[in-house]
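Let me begin by presenting the structure, written as structure tokens, before commenting on it.
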Amino acid sequence: MAFTRKRQREQQLQLYSRERFSLLLLNLEEYYFEQHTAHHIQHKGSQKERKIRGSLKICSKSVIFEPDAISQPIIKIPLRDCIKIGKHGENEANRHFAKTVSGAISLIFSQVYFIKEHNIVAPYKIERGMMEYVFELDVSGKVEDVVETLLQLHRASCLDKLGDQTAMITAILQSRLARTSFDKNRFQSVSEKLHMECKAEMVTPLVTNPGHACVTDTTLYFQPLNGYPKPVVQIMLQDIRRIYKRRHGLMPLGLEVFCTEDDLCSDIYLKFYERQDRDDLYFYIATYLEHHVPERTAEGYTLQWQRGLLSNYQYLLHLNSLADRSCSDLSQYPVFPWVISDYSSSKLDLSNPETFRDLSKPVGALNQERLERLLTRYQEMPEPRFMYGSHYSSPGYVLFYLVRIAPEYMLCLQNGRFDNADRMFNSIAETWKNCLDGATDFKELIPEFYGDDVSFLVNSLKLDLGKRQGGQLVNDVELPPWARSPEDFLQKSRAALESEHVSEHLHEWIDLVFGYKQQGRDAVGAHNVFHPLTYEGGVDLNSIEDPDEKVAMLTQILEFGQTPRQLFVTPHPRRITPKFKSLSQPSSYNASTADSPVSPGEESFEDLTEESRTLAWSNIARLEPQEQHRIHKEAVTGIAVSRSGSSIFTTSQDSTLKMFSKESRMLQRSISFSNMALSSCLLLPGDATVISSSWDNNIYFYSIAFGRRQDTLMGHDDAVSKICWHDNRLYSASWDSTVKVWSGVPAEMPCARKQHFELLAELEHDVSVDTISLNAAGTLLASGTKEGTVTIWDLTTATLLHQIPCHEGTVGDSAFSPDSRHVLSTGADSHLNVIDVQTGMLISSLTADEPQRCFLWDGNSVVSGSQSGELLVWDLLGGRVSKRIQGHAGKLSAADLPLLPTCSSTSFPTSGHAFLRSQAPGASVL
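Just remember that the working numbering sits 426 ahead of the position in the sequence shown, which is counted from 1.
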């Protein structure tokens, strides 16, 4: 559980310092400056005089004394409540003392807090009235400096305007930081080279700690100004696995560092005073990581989630992290959805859709009657309008759930008090009901509800959380009837999150929280509009000149909650589930998946070739070069292999079509149609006819049986770049910016020229088209242009579905996955991009060392041919190259993987061969 792990780390640091004191004893936006060993002198001048040894903490808004004896309470004196501060014995009121106390400080005040007596976490005790406390420093020579500091901070606390207070305290802090620097003696090695140093604050939930950050060639350091909770925090660069830029208070000043792959709890979260400092530090560490750790993007995680490599829980954790949600920042704590709506049954039925919450609606829209009232108010509201007066995630809501394991955080947030007992997190069912019916309660859940640590549900600390109106004490959280224990509740909640129903609908909730329904017109239509201050860019704090207004705005932002950073601007793809794989194929496109031309049933080939194909791809990394033949004078542009695998047909820029026998290893035919280059070729079903496209604007049909050109289709106004074939239809792409669909071409060409070509459709593009591909059913076509755009077309209606500018430079190749859900494309920019067909979203992007000019893929693994002639085997879901094979000395430009059940190969034990073509005048068999 994220927060529990965070607390454990903080407690370990506190053990290091051996203190009861923590930054949570400070007010929000307060700083801890320095500490001095001292004695609190009680009953001075009387027989009951007593000295209590401890530590005097000087903070920006208070003085805190922590006695060494845990039986004694921690004393907190707000500076704004101080009447007089000075050296003891200098005041007229103290002349009755027999003698002045050397090295003592006197505080006269009207209010004091007593905290953690006997080290028990409980609401603060408050004592009011005129009082004087005397503190004697061990080092008497520091008294004057401490008094001067306290007087300066006291003046700041007593200023009328909050903005003026903040400005003065900030000036004091910056002055202290400017007078200090990182202690280089803290470097782990004398050979370390300092790269940069800057001022920063270490962020922990509700509080921050100022100091100095620096990075060397091996280590990231942070040294707190006050030396708390330890003199220096250090992280080896080689241990870092992830690093993210963060918003803090809606300002781009945060940086979070992780030394784990999947943990939501970071190792350090830093907030900088200057954005440039943050960006410079990020750049240095990110540059170091480039050579060690692959970059993580939302798109890469989406593909892994769709294909089942990530669970729903893991995927939501990654999205939260990418959207600036952090367990170090309670105003941006990770948000998870309510998924169960049944908290009254004795048995939880996960096969019943009625068990689940409607994930297509925000919490505020789940109750139609309440929603209508909110919409009425929304319509009557002046700009800027919002539907919900509170957010679905805020520090108060997070601590509402976590008060049993984080009571000190609740006390910090609520000025030393717990919430009213009847408003505490008492019952799962009550909380859900209030979220449905409450006028201002729209909160979602946190990751802990789907984890494995039950401590937030159990009052194991035996906290006194108050008594409810009915007389019952607030203790453990009341569970629904279907949960036998807290452990059972979490297990069943997790099972619900990972259930088929939630998997089918989770993308709808992602659209609301992280996606295109988060803002704008789509948010209004989805009844998903919150206060403008909660959104990134909703307010520019730097443009606010009034310091009071600026501080009030920042306080409101931090306490009200913040909307996650928007990750997706198009509908999020749905997960591929077994239910979808059995659906029948529809005939035309619609925005919903139910009407999509994508056929989930195409996940597997319902014939004997599927087993062979699966075996081939499971052994794809074992490919080895077997043969190479030089059969052209110039670059090979196309390759087609007969069904038996005995004949290989190739086209080339030398304007020839050639037929090569694999069995005899001899060139059997060489045909020239014109004096211009041929760009591609394919074999029609039956292996009787070869079709070739040419730069002379024509498409040529060659009869293998009769050994001659059978027909010519003059179909374009510029070079034909690529042709495809499906179900007696020919698809041709051209530099004339069109893709044309033709019918009337028979499966086998007769001897006589009696063919009539009928143009069925013309798909217009803005620029020349360099490649096209079809899905297995022939219902979808993907085209790639010279300007880097991939376009997906619905061939049943000849309409454009999606246009995705996803490459910088020419699209080299594209292909659908076997299940037709994804399109993979390669380009001159060296990127391999995966596009979701249903939504048009770019869901994965990998970068190669050089352009990949061709590829084959099965939806998970990719074999690509590079510009250097190298063949790369990619683990697409893992985002890495699993094997490199040297295929050619020249540029690889196409590949084929036919299934050859009658052939065998010692280098490819699945009875298949990969045939490659190169821009060197040759072809290889692997």
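Where a beta carbon is used, it is the ideal one built from N, C-alpha and C, also for glycine.
Starting from residue i and walking both ways along the alpha helix (DSSP H), at which residues does that stretch end?
i, result
"MET594", "588-604"
"THR575", "569-583"
"ASP966", "That residue, ASP966, is in no alpha helix (DSSP H); it is neither H nor E in DSSP."
"GLU985", "973-986"
"LEU862", "854-863"
"TRP393", "The requested residue 393 is not part of the displayed model; the chain covers only 427 to 1352."
Would you identify the three-state DSSP class for residue i, choosing helix, strand or coil?
i, result
"LYS551", "strand"
"GLN1229", "strand"
"SER1025", "Its pLDDT being 43, under 50, SER1025 is placed unreliably in this model, and the value from its coordinates should be taken loosely. Correct three-state label for SER1025: coil."
"HIS927", "helix"
"ARG704", "helix"
"SER1331", "Because the pLDDT at SER1331 is just 27, under 50, the model does not fix this residue reliably, and the point stays unresolved."
"THR869", "Going by the sequence as given, residue 869 is Lys instead of Thr. Here LYS869 sits in coil by DSSP."
"LEU712", "Residue 712 is actually Ala in this sequence, not Leu. Correct three-state label for ALA712: helix."
"GLU445", "coil"
"VAL1351", "Residue placement at VAL1351 is poorly supported in this model, since its pLDDT is 41, which falls under 50; the coordinates still yield a value, given next. VAL1351 falls in the strand class under three-state DSSP."
"ALA1114", "coil"
"VAL950", "helix"
"PHE613", "coil"
"HIS1055", "strand"
What do you reckon, are the CB atoms on residue i and residue j nearer than 8 Å?
i, j, result
"PRO788", "LEU585", "no"
"HIS817", "ASP755", "no"
"GLU985", "SER819", "no"
"PRO906", "ALA949", "no"
"PHE940", "PHE882", "no"
"VAL1193", "LYS1166", "no"
"VAL573", "ILE484", "no"
"GLN732", "ILE1002", "yes"
"SER1119", "ILE1074", "no"
"LEU1272", "LEU1258", "yes"
"HIS933", "PHE782", "no"
"PRO650", "MET628", "yes"
"PHE561", "HIS466", "yes"
Heavy atom of the ligand FAD less than 7 Å from the Cβ of residue i, yes or no?
i, result
"GLN945", "Questions concerning the ligand FAD fall outside what the structure shown contains, since it holds no ligand whatsoever."
Considering just the uninterrupted stretch of the beta strand (DSSP E) at residue i, what are its terminal residues?
i, result
"HIS1354", "This structure cannot settle anything about residue 1354, because the visible part of the chain is limited to 427 through 1352."
"THR1273", "1268-1273"
"ASN1259", "1257-1262"
"LEU1250", "1248-1253"
"PHE1075", "1073-1078"
"GLU1296", "1296-1301"
"TYR1128", "1124-1129"
"ASP1196", "1195-1200"
"VAL1307", "1306-1312"
"LEU1139", "1134-1140"
"TRP1219", "1215-1220"
"CYS1150", "1146-1152"
Out of the options, point me to the one whose CA is closest to residue i's CA.
i, options, result
"SER607", "ASP948, LEU454 and GLY637", "GLY637"
"HIS1055", "SER1044, SER1090 and SER1081", "SER1090"
"PHE762", "ARG849, ILE661, LYS869 and HIS957", "LYS869"
"SER1163", "ASP1143, HIS1152, GLN702 and LYS656", "ASP1143"
"LYS976", "TYR458, ARG506, LEU905 and LYS587", "LYS587"
"GLU456", "VAL683, CYS838 and GLU725", "CYS838"
"PHE1287", "GLN730, CYS1107 and TYR539", "For clarity, residue 1287 is Ser in the given sequence; the question names Phe instead. It is GLN730."
"GLY1112", "ALA1145, ARG1135 and GLY1071", "GLY1071"
"LYS697", "LEU707, LEU679, LEU632 and PHE684", "LEU679"
"TYR1128", "GLY512, GLN1136 and TRP1121", "GLN1136"
"PRO990", "THR960, ALA1224, LEU883 and ILE983", "THR960"
"SER747", "MET807, LEU776, VAL683 and TYR708", "VAL683"
"GLU1060", "TYR647, ARG803, CYS508 and ALA1103", "ALA1103"
"VAL880", "PRO493, ARG910, TRP858 and LEU916", "LEU916"
"ASP703", "LEU715, CYS685, LYS671 and ASP688", "LYS671"
From the beta carbon of residue i, is the nearest beta carbon of chain D less than 8 Å away?
i, result
"ILE1230", "Although the question refers to chain D, the structure presented lacks it and comprises just one protein chain."
My parser needs the alpha helix (DSSP H) runs of 4 or more residues fully inside the region 449-508; what are they?
Unbroken alpha helix (DSSP H) runs of no fewer than 4 residues, entirely contained in the region 449-508, are not found.
Which runs of the alpha helix (DSSP H) fall wholly inside the region 1082-1108 and span at least 4 residues, in chain order?
Runs found: none.
Can you check the region 744-807 for any alpha helix (DSSP H) of at least 4 residues that lies completely inside it and give the ranges in chain order?
Complete alpha helix (DSSP H) runs here, min 4: 794-806.
Fully enclosed by the region 890-920, which alpha helix (DSSP H) runs are 4 residues long or longer?
DSSP runs (the alpha helix (DSSP H)) wholly in the region 890-920: none.
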